[in-house]
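Residue numbers (our numbering), protein chains in the order written: chain S, 9 to 304; chain L, 3 to 362; chain U, 4 to 329; chain Y, 124 to 495.
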Amino acid sequence: MTTPDGTSSADLPSVRLGEASQRDRRWTLASLFSWVVALIFFAPIAWIAMSAFKTTGQILSVPPLFIFQPTLENFTEMFQDPKIPKFFFNSVLLSVGSVLIAIAVSFLAAYSFSRFKPPGTDFLMFLLLSTRFVPAAAFVIPFFQLFGILNFRNTYVGLIIFYVMFSVPFSVWILKGFIDGVSQRFDETGLVNGASRAHVIFRVVLPQVKPGLVAAFVFNIIFVWNEFLFNFQLGGTDTNSIPVALFTALYQGGAVNWTYVSALGTAYVLPLAVLIYFFQKYLLVGMTFGTVRGEV
Amino acid sequence: MSDVEIIGLSKDFGSFVAVESVSTIFREGTVTVLLGPSGCGKTTLMRMIVGLEKPTAGQVLIGGEDVTRVATSKRRMGMVFQYPVVYRGTSVARNLELPLIADKVSKGERKKRIDEVAEILGITDLLQVNVDKLDNAGRQKVAVAREVARKPEVLLFDEPITNVDLTSKLELKRALKSVFQELRQTIIYVTHDQTEAMSLADDIALMNDGKIVQLAPPHVLYHEPADVFAGWFLGNPGMNFLRDSFVIEQGVLTSPFLSAPVRVFGDAGRAVVLGIRPEHIGASVEPNSNSVEVAVTSRSISIGGQALLELELDGHGFKAVVDHGSGKKMTDRAWITLPPSKIFLFDSDGRAIVATLSGA
Amino acid sequence: MTEAVIKSKQPELIQGKTGKSAPRKAKSRFSSNTLWSGGLLVPVLLFFILMNVVPTIWMLGLSFYDYTLTSAKGMEFIGFDNYTRLLNDGPIQLAISRTFLFMVLAVILQTLLGALIGFLFWRADRMPGRRLALTLLFTPMVLAPLSSGLFWRLLLDPVFGLINYFISSLGFEPVNFLTNPDWAFTTVLLVDTWMWTPFMALMTLAALGSVPKAELEAAQVDNLSMWQRLIHVIIPYAKFIIVLGILLRTIDVFKTMDLVYLMTNGGPGDRTELIAVGLYRLAFQSFNLGYSSALAVLLLFIAIALTSIYLFVLNLRARKELKDQS
Amino acid sequence: MTQQGENHVLRLESVTKVYGDTEVLKDVGVTVRAGDFYVISGQPSSGKSVLLRLILGLELPDLGSINLRGEVVTGEGPQRRNIGYVPQSFALFPNKSVLDNITYPMRVDKTSKKIIEETLERVSELLNIRDLLDKKPGQLSGGQKQRVAIARGLAKETDIFVLDDPLVGLDFKLRERLIDDLKKTRAALGVTFIYSTSDSLEALLLANRVGILFGGTIMEEGELDTVYDEPGNSASMATLGFPSVNFLDGLMMKSDTESIAQCPIGSFPMNPTDYEGPVVLGIRPEHIEIQSEDSAQGFLAQVLFTEDVGGSEIIYVESNNERLILVLGASDPQLSKVRTGEFAASVQPEHIVAFDPNTLQRISEGKESSRV
């Protein structure tokens, strides 16, 4: 039997209808208001960023200056201080280092939780989540003493280990969610075709949860990047990160050095803003520990 | 007067053309089913009519009035979606009433209409039930009732029984059929299921590749397909197409499929494809005077226990449907007869050729 | 907008129950599965024990001692004395009730405002530069609370701060927001609201995104009023994610420390002393480790209770979704 | 293969699978011969998928044994069984191209490049997906995904393939075409297919042998024709047949010489049986005949609804408060009677099968009538 030529249309890919309307941008009253709201919420940060380009006198001027001659002096001065690159280096090292380890460890655990459901899975998941809901201050004391005993204070190893644990609960939750979303049929297809479990984990499942890995990565980076209390208490001059630098600036020599604060603050906020611009679709997953998914 | 007329209606999604310059009229008081495989553009066409999709080009007219730029909520159309949509957390009656309030229908009239439509759809007992408690079939009935009660000029149905479980499908189909018999509005119904289309439609608009291939009543579509696609799509299994299997010379068609030449009346010179429906092929265990011997390659059971035979002759594979008993006896050979009056001819583009065939 | 998804367990394959008790496994189970399932958990368990179990036990242990770093007395086991002391500690109880007040006000304010903003952005789904606008809106919530605190100290400065400039240009007296006892609490509340309203807006957007498109379209075809759409179409779907957002915010407010610590350090007096700030000051300004550990244990229990509520609601939703599918 | 006279490639004996305190499968026996198109036919959630998972080794049975190609593999994992697999709902790797998806089973097996290329060529030709090889699954339509999934399942150097309800949810016409493809493919490769479906027309069109899965057990197994013509129990008759079979509650009575079955549409002489009491009578839709005008026999039926399925018409009627289904050819002259909304119908006794309502087993059948 000859198949009629015309029937090929049954096989045309389904079109995602949403995409076409995405291109159809236009101004309405709602979009105007939305922009106003967005600008209002951003205004305080914009003001700090503006201040970063002012001299001390301009920052402290009464009334505040909206129009001024911008200067890069604050930044050049800031980076001449050898401590500043060190702070940045520490922030990057601690966040990237610990988050990478945390994600590796969490991915394995999340796979186990998702696929084998070992006894106690729910309880462990619950405990993990609850650790992130305890006020940080509650744990500072035991860590302070424990790190003293282990000689971990003011060492990269100690802080990285701490931040790994800090990042694990969130990563396990989000990755388990993503792995749950990958049908077990994929694992089974691999196994039936003779693949090993390791192959299934790393070659079949891992590539499919890349968005989850990215979400977990971005958000833990933000959390570690922002973490202050433990870095302040457990770290030292060798290992302090930018938030601690900002904090100490507050108490340097009596008065606050506002040019320093705004320049450092701006340099510190910029990566965060860029991250959420590029990873906006993971924002929801991130802010809810992976318990709510969807796009905005 | 609320015919729906579409003129040159098109819709592109990027480089993909979903609907390509379709013009037609859907008559008042007629159930027109848009039938076609998934991706043929039938749903997009319907969504443009109701205004949920903006056409790339073309116009939509209701009762002669151009509504292309009119908002959906102002078009006075009703639509039943594939996914049963009910308004949550409230009773069935309230569900039917909400759009009537929006349409500013008086209280007495609202009650009258709700009772009326509930009666037709057999949901009178459910009126006070919370919709959250209903299953998909029940919810879809509520959705149908809600749209019918609004008495819009045009009623649209987008595959309304697809998401209903198998056992309720029939009941819902029956309910729709009885509703359609009551209504005098313009009804447009989208489906990919030929059975649904054949059972519910006054007219079927068969779509393929973003175009309407043929618009005709079901039996016309079945008996006079406009092209190979129509012949294949209507029918279960679809029509057999035998390419390069015959010669027409001086009004006489000769073919290894026919024991004797047949006369062709009409302009059949361009014909290259011979079409015949599996159920029209006569097949028997024993040869007779006008049969042709063929090989049986496979046999299975089909609708109503009939035997579905896969046959072969001269390298052409084709199918025939015979009754269960005789089918079982045809294990490797069979003798077939093609009634000339049931043979269709198509040109190289697959278009049907108007010609009459008859035995010598 | 993609429909928001909450992960839920796949429905188990279920058959009619049989009365008979099951015969025990007559085979060697896939022992490799057990090995894998345990083995993959080892690293996480190691970290968990080292960094969670040990500190928690440590904390629990400390809470039974009278131990102040600055005193020469050393450690003394006092049983539950720290806990009985907590029961009578006026300032701590005040801090806890203040935290709850702060929690209620902040959550209400942020939910309402966030819902409004979320709805606005939802309506403006075709606004030009939407992604950039959302980035600007969301930036406050990804800042370290500490830096927000710092930034607001500059903005709220009574002399050269931008806010007081606006206030005085409107003809009012400048306010020393952070040190004025009448203003400090409200100020901290408002700054927290600035930080976290975007979060509730985000949740609202996700919640609205979870409303099936067909339902919204049906309401459009049926010409329902905006109010009817809200009640019968939007809220039935959106409510769960909003509730989750409210719960997350509640838990988070309970943790608030850095922001307040930096802006007011709990002052003036105790006007902004939330419990997490109080705990920190107890531990690192009075160095009363035993007593502060007892308070930490208390907060741990509150956190566990809140987590339970959160997961309970999450499960309700997952179960409801399963039911809807079937 | 080990024993003389048995050429089965797969045999399950008294297999039981328990989840928690639920016996999902109990005492299941399946025998598949080399070259079979073996269809496991059963209602949704009757345990079809679990049975296939046991065959594949993805689950291990709690009791019973599984013999594959003459070897006992009861406790072996899936890696050792060498079975091709087309899972339900595609499970195409979204990050891999169609080509990489199809060749995946062979690459895992470390098949030689030459064979990979040959197999790829063959399956992509068979399933008509040559043009799609460079695409990602996300760019394909449902029907194309289905074909790629089937191609991947077949691209394995083996003789047994398991297909788990691969056509579920597809458009009607698309299924028609894929059914042809599947039959053609199995025949061309000369391999064994084990296939599950809950669609009875699909089972009828594909199978040469069927296993009827009902209530967690295989109620009957055999050649398609045999099971269709002589169903051994009501589950078999219900599962195989489109439109679905009519079941009527009846009463079997016995006199010295004969048995009589009574039901709302009449009394029928049955082949002698010792059974007396309630029975379920099964009548296939094609066996209810529309009477010619003058016949006094039969029962009156009111037409509720008719469906044109293309070439045949399904007629739903009501008679004595019983709903019945009939089927007629679209060109049957009796259709004119259907259009009037009411007609007299009858059933020849030999087309009636009586089942025990409790055990579901066949008790007896109607007597061959001496009709002219």
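Cβ coordinates follow ideal geometry from the N, Cα and C atoms, glycine included.
Reduced DSSP category for residue i - H, G, I as helix; E, B as strand; rest coil
i      : result
P401/Y : strand
S25/L  : strand
G2/L   : Given that chain L is displayed from residue 3 to residue 362, the structure contains no residue 2/L and the question cannot be resolved.
V141/Y : strand
E196/S : helix
P220/L : helix
G152/Y : strand
A467/Y : strand
R32/U  : The predicted model places R32/U with a pLDDT of 47, which falls under 50 and marks its position as unreliable; any figure quoted below should be read in that light. If DSSP states are grouped into helix, strand and coil, R32/U belongs with coil.
D431/Y : strand
H131/Y : strand
V69/L  : coil
M332/L : coil
N265/S : coil
S24/U  : Its pLDDT being 37, under 50, S24/U is placed unreliably by the model, and the measurement read from it follows with that caveat. Coil.
Same chain only: Cβ atoms within 7 angstroms of residue i, ignoring 5 sequence neighbours per side
i      : result
S106/S : I168, Y171, V172, S175, V232
L157/U : G164
Proximity of residue i and residue j at Cβ, strictly below 9 angstroms
i      : j      : result
V192/L : L36/L  : yes
Q202/Y : L199/S : yes
E441/Y : Q425/Y : yes
L347/L : V294/L : no
T299/S : G185/S : yes
A272/Y : F316/Y : no
R186/L : G31/L  : yes
G187/Y : V138/Y : yes
P162/L : A147/L : no
P227/L : A199/L : no
G121/U : T189/U : no
S492/Y : E473/Y : yes
E218/U : V166/L : no
Contacts around residue i, its chain only, beta-carbon distance under 6 angstroms, and the 5 residues preceding and following it disregarded
i      : result
D2/L   : A query on residue 2/L cannot be resolved here, the shown segment of chain L reaching from 3 to 362 and no further.
I250/S : F95, S99, Y276
R32/U  : Its pLDDT being 47, under 50, R32/U is placed unreliably by the model, and the measurement read from it follows with that caveat. Counting only Cβ-Cβ distances below 6 angstroms, and skipping sequence neighbours, we find nothing.
K377/Y : E399
L285/U : N291, S295
V82/L  : A145, V146, E149, F159, P162
Per DSSP, the bridge partner or partners of residue i
i      : result
M375/Y : A384/Y, G400/Y
N302/L : Correcting the residue identity first, residue 302/L is Ser in this sequence and not Asn. Per DSSP, L310/L.
Own chain, CB closer than 8 angstroms to residue i, minus 5 neighbours either side, in chain order
i      : result
T74/L  : V52, G53, L54
N183/U : P271
G16/L  : none
Contact the region 37-54 of chain L vs the region 191-207 of chain L: 3+ CB pairs below 8 angstroms: yes
At least three beta-carbon pairs within less than 8 angstroms, the region 136-155 of chain U to the region 267-275 of chain S: yes
Any 3 or more C-beta pairs closer than 8 angstroms across the region 294-302 of chain Y and the region 252-259 of chain Y: no
Touch test, the region 333-341 of chain L against the region 335-343 of chain Y, Cβ-Cβ under 8 angstroms, three pairs minimum: no
Stretch-stretch touch, CB-based, cutoff 8 angstroms, three pairs: the region 236-256 of chain Y with the region 235-253 of chain S: no
The region 297-304 of chain U / the region 83-93 of chain U touching (three or more Cβ pairs under 8 angstroms): yes
The region 31-49 of chain S in contact with the region 129-138 of chain U per 3-pair CB rule at 8 angstroms: yes
Any 3 or more C-beta pairs closer than 8 angstroms across the region 160-171 of chain Y and the region 307-321 of chain Y: yes
Touching by the beta-carbon criterion (3+ pairs, under 8 angstroms), the region 465-481 of chain Y and the region 250-269 of chain L: no
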